[in-house]
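Heads up, the sequence shown is in our numbering, so the first residue is 2 and it goes up one at a time. Glycine included, each C-beta is placed from N, C-alpha and C at the ideal position. From a predicted model like this one, the values you see are computed outputs, not experimental measurements.
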Amino acid sequence: MLNKIKSQMLNLGLKFISVDDKIVRMILETSSSNINEIVIMPAVKIVMKKLVNKLQNKIVHGKVYNGILNGIRVSLIRSQVGCPNAALTIKSLKRSKAKVIVRVDF
């Protein structure tokens, strides 16, 4: 009975969130408003660490690192290696306010 009430309350809250925001929250674990217009997607952990260390004023929202890189506000999202992971991330970014997506590898 308690689980049924919890699920109904959750469904009621989800009705007020757009489909685009639901998908972004599911894949990137943040809202679409937390993503900047320029997104850098490193595929390898080493490159991600180097870029995160160069970020100024960094703020973490789920899987998204926001900050300033060379005077430009960017978001860093690790895309993992392989096409399926990158495709999922890019599809979710398409539903946010991201305008430029750059995938970085070695």
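Where the alpha helix (DSSP H) through residue i begins and ends
i, result
"residue 67", "Not the alpha helix (DSSP H): residue 67 falls in the beta strand (DSSP E), residues 65 to 70."
Distance CB(residue i)-CB(residue j) smaller than 8 angstroms
i, j, result
"residue 43", "residue 15", "no"
"residue 29", "residue 68", "no"
"residue 36", "residue 61", "no"
"residue 48", "residue 105", "yes"
Segment limits, beta strand (DSSP E) that includes residue i
i, result
"residue 74", "73 to 78"
"residue 58", "57 to 62"
Local conformation of residue i per DSSP, three classes
i, result
"residue 42", "strand"
"residue 48", "helix"
"residue 96", "coil"
"residue 5", "helix"
"residue 36", "coil"
"residue 23", "helix"
Beta-carbon contacts of residue i that lie in its chain and below 6 angstroms, excluding the five residues immediately before and after
i, result
"residue 112", "No statement about residue 112 is possible, as the shown extent of the chain runs from 2 to 107 and does not include it."
"residue 82", "44"
Contact set for residue i: own chain, Cβ-Cβ below 7 angstroms, skip 5 residues either direction
i, result
"residue 24", "93 and 96"
Paired residues, beta bridge with residue i - DSSP
i, result
"residue 182", "The structure shown has nothing for residue 182, since the chain only spans 2 to 107."
Minimum Cβ-Cβ distance from residue i to chain B less than 8 angstroms
i, result
"residue 35", "Checking the listed chains, one finds no chain B in this structure; it contains a single protein chain."
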